[in-house]
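*Asks:* If you read the sequence shown in this note's numbering, its first letter stands for residue 2, the second for the next number, and so on.
Even glycine gets a Cβ: it sits at the ideal position worked out from N, Cα and C.
Everything numeric in this text was worked out from a predicted model, so none of it was measured.
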Amino acid sequence: MQKVLVARPIFPDVIERLKQYFEVDWNDGDVLGADELQRRIADKDGALTAGDPIGAAVLAAAPRLRVVSNMAVGYNNFDMAAFNAANVLGTNTPDVLNESTADFGWALMMAAARRIAESEHWLRAGKWEKWSYDGFLGSDLFGSTLGVIGMGRIGQALARRARGFSMNVIYHNRSRVAPQIEAELNASYASKEDLLRRADHVVLVLPYTAENHHTIGAAELALMKLTATLTNIARGGIVDDAALAEALREKRIAAAGLDVFEGEPKLNPALLTVPNVVLTPHIASATEATRRAMANLAADNLISALGEGPRAGCPPNPINPDVIGKARS
Ligand code: 8YV
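1) Taking all protein chains shown into account, do 16 or more other C-beta atoms lie within 10 angstroms of the C-beta of residue 79, making it buried, or fewer, making it exposed?
2) Give a yes or no on whether the minimum CB-CB distance between residue 95 and chain C is below 8 Å.
3) Within 10 angstroms of the Cβ of residue 128, are there 16 or more other Cβ atoms? Answer buried if so, exposed if not.
4) Can you look up residue 259 in the DSSP assignment and give me helix, strand or coil?
5) What span of residues does the alpha helix (DSSP H) with residue 150 cover, start to end?
6) Could you spell out the range, first to last residue, of the beta strand (DSSP E) harbouring residue 4?
7) Check whether the Cβ of residue 81 lies closer than 7 Å to any heavy atom of ligand 1, and answer yes or no.
8) Measuring straight from C-alpha to C-alpha, what distance separates residue 47 and residue 4?
9) Relative to the C-alpha of residue 216, which residue among 263, 201, 179 and 146 is closest?
10) Quick check: the Cα distance between residue 115 and residue 279, rounded to an integer number of angstroms?
11) To which residues does DSSP link residue 93 through a beta bridge?
12) How far does the alpha helix (DSSP H) with residue 48 in it extend, from its first residue to its last?
13) Return yes when the C-beta of residue 220 is under 7 Å from any heavy atom of ligand 1, and no when it is not.
14) Specify whether the segment 139-150 and the segment 164-171 touch according to this definition: at least 3 beta carbon pairs, one from each stretch, less than 8 Å apart.
15) Give the C-beta separation of residue 148 and residue 196 to the nearest angstrom, bearing in mind that I take them to be a contact with Cβ-Cβ under 8 Å.
16) Are there three or more Cβ pairs, one per stretch, closer than 8 Å when the segment 87-105 is compared with the segment 68-78?
17) Would you kindly work out how many angstroms separate the C-alpha atoms of residue 35 and residue 140, rounded to a whole number?
18) Between residue 306 and the rest of its own chain, which residues show a CB-CB distance below 6 Å, the 5 nearest in sequence each way excluded?
19) Do you know offhand how far residue 9's Cα is from residue 131's?
20) Would you mind sorting residue 181 into buried or exposed? The rule is 16 or more other CB atoms within 10 Å of its CB.
21) What is the C-beta distance between residue 235 and residue 206, in whole angstroms, given that I count them as a contact (C-beta under 8 Å)?
22) Determine the direct distance from the alpha carbon of residue 133 to that of residue 331, and round the result to whole angstroms.
23) Going by alpha carbons, who is nearest to residue 37 out of 62, 57, 24 and 292?
24) Taking only three categories from DSSP, how would you classify residue 10?
25) Compare the Cα-Cα distances from residue 267 to each of 283, 253 and 275 and report the closest residue.
26) Select from 293, 39 and 44 the residue whose C-alpha is nearest the C-alpha of residue 25.
27) Rank 224, 214 and 252 by C-alpha distance to the C-alpha of residue 199 and give the top, closest one.
28) Does the beta-carbon distance from residue 242 to residue 272 come in below 8 Å?
29) To the nearest angstrom, report how far apart residue 318 and residue 220 are at their CA atoms.
30) State the start and end residues of the unbroken beta strand (DSSP E) segment that holds residue 70.
31) When the Cα of residue 165 is compared with those of 150, 107, 135 and 194, which residue comes out closest?
Right, dumping it as structure tokens:
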């Protein structure tokens, strides 16, 4: 029987599915450190990860490894050059999380715009004594301009929801999306700078790459309206968190909603001390149904990539399909 490592705690019934095909080494405890990960992956044919860093050293330590299945749509934890050099397949879990993640983007954006977390903390602190006309004034979403940076599947799902709020949608992306998608979303393309100047609410939904590092830093924040909000449901590192904390403190933008952070699960301490930011622990895809769908899709990818199950040899979501069928190097 082939051997697989499941590097993270996941739904036990998904582990049972994997056990139908493989000998499963399941880490049901804390996140594996680099040494422990290398030790446990060394004799495996495949692995299921969720954000665990996999690079040349891990692949070299595991000469039989043929596939690593990431339970996430983003795979910046994979060094794809190393995967390609070693002929190891990487897979991810796109699409199944689009709607939950888009919903969550709206939740954060609305919480930031309407100061929900900030006012709740104030209320819990026992400070509510009277109604006041200017208590926690925020900004409207209805009729405002939404700026989406990253118009992939999640960006599109997010933009689609803007219709109900009569928003004007502008977007920036590496390349323009097809005209029929622009028409369906009623969205128009803008340069990043133009978008930042015009948008009332900016949402980041782009993948993390070296090029996208600090897509939003001090210079970009300076272009935004004083009343604007910034929401990041993409990846830590896309925003310069130190620059953002400073801009929030100095009220150079109104508020932010962040689900992802540079160096998470640690946060830049400055973010914890500014009131006008809503902070959540990377949970945009965290609904019961979606996390189950992601775990099962990650299992499907692992099972089929290792030549088992109904789709043997044809994993649904290969990231680097060119390596399929090539001998491990
Ligand atoms: C994952 C995510 O839960 O899919 C992604 O890219 O950011 C989340 O949905 C997280 O990355 C853990 O794998």
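*Replies:* Short version:
1) buried
2) Protein chains in the displayed structure number just one, and chain C is not present.
3) exposed
4) strand
5) Careful: residue 150 lies outside any alpha helix (DSSP H), inside the beta strand (DSSP E) at 146-150.
6) 3-7
7) no
8) 7 Å
9) 263
10) 11 Å
11) Looking at the DSSP assignment, residue 93 forms no beta bridge with any residue, so it has no partner.
12) No alpha helix (DSSP H) contains residue 48, which is instead part of the beta strand (DSSP E) from 47-50.
13) no
14) yes
15) 4 Å
16) yes
17) 45 Å
18) 68, 90 and 316
19) 48 Å
20) exposed
21) 5 Å
22) No statement about residue 331 is possible, as the shown extent of the chain runs from 2 to 330 and does not include it.
23) 62
24) coil
25) 283
26) 44
27) 224
28) yes
29) 37 Å
30) 68-71
31) 107
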